[in-house]
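These notes concern the structure reproduced below.
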Amino acid sequence: ARWSDGRPVSCADVAFTWRAQHSPALGWPGLYIKDGIESFECADERTAVFRFAHPSAYQVLDANDDAQLPRVYGAVPFEQWMATAWEQRLVSAGPFRLERVVPGQEAILVRDPEWRDGTRPYIDRLIFRVYAGADEALRALLAGDVDLVEKVPPGRAAEVARREDLALLDLPGLSWTFIAWNQLAPGAYAADRRRRGCGAGCREDAQTVRALLADHPHPILGDPRVRRALTLAIDREDLVEGPWRGHARVAVSPLVSFLGVSGQSRPLPWDPVRAAALLEAAGWRRPVEGGVREKDGRRLELEILVNADNTLRREVLERVATALAGVGVAVRPVALPRREYIARARAKDFDGLLGGWRAGTRIEPQSILHCAAAAGRGNNLGAWCDDRADALADRAAAAADLEHALPLWRQWEERFVQQQPYTMLYEERVLIGIHRRVHDASPSPLNPYAEIEKWWVDSSEPTGVAATSPPR
Numbered sequence: 022a023r024w025s026d027g028r029p030v031s032c033a034d035v036a037f038t039w040r041a042q043h044s045p046a047l048g049w050p051g052l053y054i055k056d057g058i059e060s061f062e063c064a065d066e067r068t069a070v071f072r073f074a075h076p077s078a079y080q081v082l083d084a085n086d087d088a089q090l091p092r093v094y095g096a097v098p099f100e101q102w103m104a105t106a107w108e109q110r111l112v113s114a115g116p117f118r119l120e121r122v123v124p125g126q127e128a129i130l131v132r133d134p135e136w137r138d139g140t141r142p143y144i145d146r147l148i149f150r151v152y153a154g155a156d157e158a159l160r161a162l163l164a165g166d167v168d169l170v171e172k173v174p175p176g177r178a179a180e181v182a183r184r185e186d187l188a189l190l191d192l193p194g195l196s197w198t199f200i201a202w203n204q205l206a207p208g209a210y211a212a213d214r215r216r217r218g219c220g221a222g223c224r225e226d227a228q229t230v231r232a233l234l235a236d237h238p239h240p241i242l243g244d245p246r247v248r249r250a251l252t253l254a255i256d257r258e259d260l261v262e263g264p265w266r267g268h269a270r271v272a273v274s275p276l277v278s279f280l281g282v283s284g285q286s287r288p289l290p291w292d293p294v295r296a297a298a299l300l301e302a303a304g305w306r307r308p309v310e311g312g313v314r315e316k317d318g319r320r321l322e323l324e325i326l327v328n329a330d331n332t333l334r335r336e337v338l339e340r341v342a343t344a345l346a347g348v349g350v351a352v353r354p355v356a357l358p359r360r361e362y363i364a365r366a367r368a369k370d371f372d373g374l375l376g377g378w379r380a381g382t383r384i385e386p387q388s389i390l391h392c393a394a395a396a397g398r399g400n401n402l403g404a405w406c407d408d409r410a411d412a413l414a415d416r417a418a419a420a421a422d423l424e425h426a427l428p429l430w431r432q433w434e435e436r437f438v439q440q441q442p443y444t445m446l447y448e449e450r451v452l453i454g455i456h457r458r459v460h461d462a463s464p465s466p467l468n469p470y471a472e473i474e475k476w477w478v479d480s481s482e483p484t485g486v487a488a489t490s491p492p493r
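If you read the sequence shown in this note's numbering, its first letter stands for residue 22, the second for the next number, and so on.
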């Protein structure tokens, strides 16, 4: 294998990638994946040796996680990487090379004639175009301006399926949508960081978060009975059949069904009567004339954030607010620009947050729902710290193989369902729209462009992509 600049791919590139991943200047997001690796070295140009602290189910994934970087990138100091225009320096080692990028508009890749035996890929050029939203991208597909759209809006999937010149691929997915319920009083986390003089970085750990939870619990959502009631009050099948037109399924936990690891747990049913009883038991009384529940002079009112650029989620939140009003919970939906939405999520400055995650092929809910993941503005956005759940996650992650890990993950899932730190709304299916002039395409739930070197385009059809047909 060779890089597009002609240099051979070697262990020196793996070694350079290892240094980049461990550079404090870069703050590599997936560095925790390498925690179980004690050392790395190159035995020779073609052999990389990883030594692990203990056996685990994911040793090959841990070693291989993230794309390898060409060592020529080392000409740029790590401290300058974030300010570097990489499209002008890009080196690749796949079937295509980057020809040019027009920021905010398109990227053009061209066939690499030196890749492998030179007979593939069959497509000469790939043009990736940027559109303002999913509806705009779909219009381009319907007009014949593009050959593939990665995310067809579920409300328009039937429109694609009806077209004889198009195909709708409806695949199981790894993405799921949730409402995270904050266990901390909104603003408490950011205020504590200011008090300690934290800037971009600050020394925090699980104990820091636990201390905050003890001193500043959320006055409403700190009670698991309330969180469970909120889930029971939401008709999630209505969300699946309404906004998603059936192209989703009600979710149980972050152990998405695609991974095939979920145990006997089932989604909590839609049961507003039971939800009301739980709220009553938690001390939230509804006035005789109806309306919003109260406890000790406080209204049962929650502010739920959503990113303003996602119209589907905004529709979902409107339905959630209506459902919760039925059991005496007032919801203030707040649609925010993406930058502000992310900032408030990281600062744990919210009551509820409607968002989404995409699972990987490894089982690791601890990356978003372990107390340690709440520290350092981490991905445990709602600061759920449950000793039993954390202990189960730690044991499962340390298991030598999946046979021993799976029973522990299923116990973890049971605890998650009991505690409801998230209301799991639904697992999304992958809806891909593709023109039928594209042949031998095999998009997968993991990659819409899987094995693209085998795809070809019928040259008798008008298309924006030039292609050579494969031998038949």
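For each residue, glycine too, the CB sits at the ideal point set by N, CA and C.
Supposed contact pair Phe279 and Leu195 - C-beta distance, whole angstroms, cut 8 Å: 6 Å
Same chain only: Cβ atoms within 7 Å of Pro76, ignoring 5 sequence neighbours per side: Ala421
Buried versus exposed call for Leu513 [16 or more other C-beta atoms within 10 Å across all chains shown]: This structure cannot speak to residue 513, because the chain is shown only from 22 to 493.
Proximity to Val352 [Cα-Cα], best of Trp202, Ala41, Asp145: Trp202
Cβ separation of Ala269 and Val277, assumed to be a contact under 8 Å, to the nearest whole Å: About 12 Å separates the two Cβ atoms, so there is no contact after all.
Length of the line joining the Cα atoms of Leu289 and Ile241: 20 Å
Exposure label - Asp156; buried when at least 16 CB within 10 Å: exposed
Beta strand (DSSP E) runs wholly inside the region 359–397, at least 3 long, in chain order: 373–379
Close-in-space but distant-in-sequence residues of the same chain around Arg450 (CB under 7 Å, 5 per side omitted): Asp191, Leu192, Pro193, Gly194, His268, Ala269
Ser274 beta carbon less than 7 Å from that of Phe437: yes
Distance between Trp49 and Trp433 (C-alpha atoms, nearest Å): 28 Å
Per DSSP, cross-strand counterpart(s) of Asp156: Asp156 is not bridged to any residue.
Cα-Cα separation between Leu323 and Asn401, rounded to whole angstroms: 19 Å
CA nearest to the CA of His391, picked from Gly403, Ala380, Thr382, Gly381: Gly403
Contacting residues, own chain, Cβ-Cβ under 7 Å from Ala488 (five flanking each side not counted): For Ala488, the predicted model reports a pLDDT of 30, less than 50, meaning its position is unreliable; a value from the coordinates is still stated below. Around Ala488: Tyr143, Ile144, Asp145, Trp477, Val478, Ser480.
As assigned by DSSP and simplified to three states, the class of Asn85: helix
Ala296 and Leu253 closer than 7 Å at C-beta: yes
Residues near Leu234 in its chain [Cβ-Cβ closer than 7 Å; skip 5 each side]: Gln204, Leu205, Ala404, Cys406
At least 3 beta-carbon pairs within less than 8 Å: the region 211–230 vs the region 458–477: no
Assigned exposure category for His43 - 16 Cβ within 10 Å defines buried: exposed
C-alpha gap between Glu474 and Ala344, whole angstroms: 48 Å
Inter-residue Cα distance where the pair is Ala298 and Leu169: 49 Å
Cβ separation of Phe539 and Ile58, assumed to be a contact under 8 Å, to the nearest whole Å: Within the shown structure, residues of the chain are numbered from 22 to 493, placing residue 539 beyond reach of any answer.
Integer-rounded CB distance, given that Ala128 should sit under 8 Å from Phe149: 5 Å
Closer than 6 Å: Asp226 CB and nearest the ligand GDP heavy atom: Although the ligand GDP was asked about, the structure shown includes no ligands whatsoever.
Ser196 - partner residues in DSSP beta bridges: Arg379
Delimiting residues of the alpha helix (DSSP H) encompassing Leu333: 332–346
Gln387 burial status per 10 Å Cβ neighbour count (16 or more: buried): buried
Below-7 Å beta-carbon distance, Asp133 vs any chain B residue: Here there is only one protein chain, and chain B is not present.
CB contact flag (Pro264, Glu336, <7 Å): yes
Spatial neighbours of Glu135 in its chain, beta-carbon cut-off 7 Å, leaving aside the 5 residues before and after: Arg23
Residues that Tyr443 bridges to, as DSSP identifies them: Ala201
Residue span of the beta strand (DSSP E) that contains Pro293, given as start and end: Segment 293–302 is the alpha helix (DSSP H) holding Pro293; no beta strand (DSSP E) there.
Segment limits, beta strand (DSSP E) that includes Phe279: Note, Phe279: premise wrong, no beta strand (DSSP E); not H, not E.
Pick from Trp291, Ala414, Arg306, Gly376 that is closest to Ala329, judged by C-alpha positions: Gly376
Pro354 beta carbon less than 7 Å from that of Ala342: yes
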